[in-house]
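To start, the structure itself, in structure tokens.
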Amino acid sequence: MILNRSNFKRAYVWQLPVRFFHWLNAMSITVLCITGFIIADPPALLSSADATEIYRFGIVRFIHFVAAYTFVIMILMRFYWAFVGNRYARWSAYWPFTQKALKNIFHVFKVDVLLLNEKNRDLRNISVGHNTVAAMAYIAFFILFLIMIFTGFGLYSSMTTAWFPKLFSWVVPLLGGDFAARLVHHTVMWPIILIVIIHVYLVLYHDWLEGRGEVSSMVSGYKFVVTDRFPKEEIEIIEEKK
Ligand code: HEM
Ligand code: HEM
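If you read the sequence shown in this note's numbering, its first letter stands for residue 8, the second for the next number, and so on.
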């Protein structure tokens with residue numbers, strides 16, 4: 008099928024702070040997972056030098072903590088942006104309990120899970136920003152991120168004199184000790200990894216299926232929308248970057 012692309016319009020969707028958050032967040036999570044794996048299962052010291060001389064494990068933990076601070080600053084920044092950003096970045100874009108959002112769930116389920124192609128695609132079901140299922144996955148992400156931040160800074164609070172981790176010193180006693188806190192911290196990493204894998208797959212799949220520049224949208228900020236087949240109320244949301 009050849010799509011007539013003459014009526015494709017560029018829509019500015021992801022603002023710079025959203026893209027900045029996305030890539031720094033993705034990078035810090037990757038670093039946190041890699042260093043977390045090393046902390047969980049440390050390799051044997053392959054050196055005859057005294058352990059205090061090499062400090063290799065200290066470096067791994069240092070990288071984990073730098074990534075952890077980057078991660079938490081990005082989450083706070085994105086939380087703020089959910090109140091001041093454009094309509095695609097706002098908290099209301101994540102609210103799944105509207106009629107349109109609920110209809111969109113069925114559409115996404117049909118396309119993403121049942122892999123059914125809709126012959127006469129109702130473009131009202133194609134979202135310009137996040138689709139409803141994606142938005143729900145991002146809420147799940149956010150909850151898991153909070154658990155990692157609370158357990159991570161809770162564990163860190165007994166190893167530092169800095170004020171910020173000290174704010175979380177109640178977490179470890181609440182969970183029943185270091186062992187339980189580390190267990191939660193470790194276990195929650197796995198659903199994060201799982202959602203990341205599904206997320207990247209679906210971004211690539213939608214890029215291929217819809218041909219609207221999904222992948223590059225998180226770099227440039229733009230997606231493409233077929234204007235003449237979009238209902239009026241949707242057209243007005245198309246904004247060209249000034
Ligand atoms: C997505 C985010 C994160 C992931 C995937 C992650 C992963 C991990 C893993 C797998 C471990 C090893 C646990 C074990 O089995 O013993 C660990 C340890 C640890 N993490 Fe994280 N972490 C994350 C965020 C954070 C944050 C935000 C902090 C806050 C400072 C943090 C602080 C720590 C501390 C203090 C330890 C224990 C270090 C030690 O005992 O030597 N982590 N992390
Ligand atoms: C550790 C890896 C990753 C994590 C944790 C992650 C997380 C997220 C989150 C939280 C959002 C929502 C953004 C917001 O509303 O502010 C998002 C959206 C998005 N991500 Fe990722 N991401 C990762 C990797 C990737 C990769 C590798 C790509 C490109 C292939 C990608 C492309 C996108 C796109 C295009 C969106 C917008 C999708 C939409 O229309 O719903 N992400 N990602």
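Each residue gets a CB set at the ideal place from its N, CA and C atoms; glycine is no exception.
- The alpha helix (DSSP H) runs of length 4 or more contained entirely in the region 14 to 95 are, from start to end of the chain, 23 to 47, 58 to 61, 63 to 91.
- Every residue whose Cβ sits closer than 7 Å to any heavy atom of ligand 2 is listed here in chain order: TRP21, VAL25, PHE28, HIS29, ASN32, ALA33, ILE36, THR37, ARG85, ALA96, GLY136, HIS137, ASN138, ALA141, TYR145, PHE148, VAL203, HIS206, VAL207, VAL210, LEU211, GLU221, VAL222, SER224, MET225.
- Residues of the same chain with a CB within less than 8 Å of the CB of VAL191, apart from the 5 flanking positions on each side, are ILE154, THR158, LEU182 in chain order.
- Note: LYS230 is bridge-paired with ALA18 in the DSSP secondary-structure output.
- If you measure from each CB to the nearest heavy atom of ligand 1, the residues under 7 Å come out as ILE36, LEU39, CYS40, GLY43, PHE44, ILE46, ALA47, ARG68, HIS71, PHE72, ALA75, PHE78, VAL79, PHE152, MET155, ILE156, GLY159, PHE160, LEU162, TYR163, MET166, PRO172, ARG189, HIS192, HIS193, MET196, ILE199.
- In the three-state reduction of the DSSP assignment, ALA108 falls in the helix class.
- In the DSSP assignment, VAL178 falls within the alpha helix (DSSP H) that extends over 178 to 182.
- With fewer than 16 other Cβ atoms from the protein chains shown falling within 10 Å of its own Cβ, PHE104 counts as exposed.
- 9 Å or more divides the Cβ of ALA169 from the Cβ of VAL179.
- Annotated three-state conformation of HIS193 is helix, per DSSP.
- Going by DSSP, THR158 is part of the alpha helix (DSSP H) stretching over 139 to 163.
- Taking the C-beta atoms as reference points, VAL115 is found nearer than 9 Å to VAL140.
- Around the C-beta of LEU211, fewer than 16 other C-beta atoms lie within 10 Å, and the residue is accordingly described as exposed.
- If you look at LYS117, you'll find it isn't in any alpha helix (DSSP H); DSSP assigns it neither H nor E.
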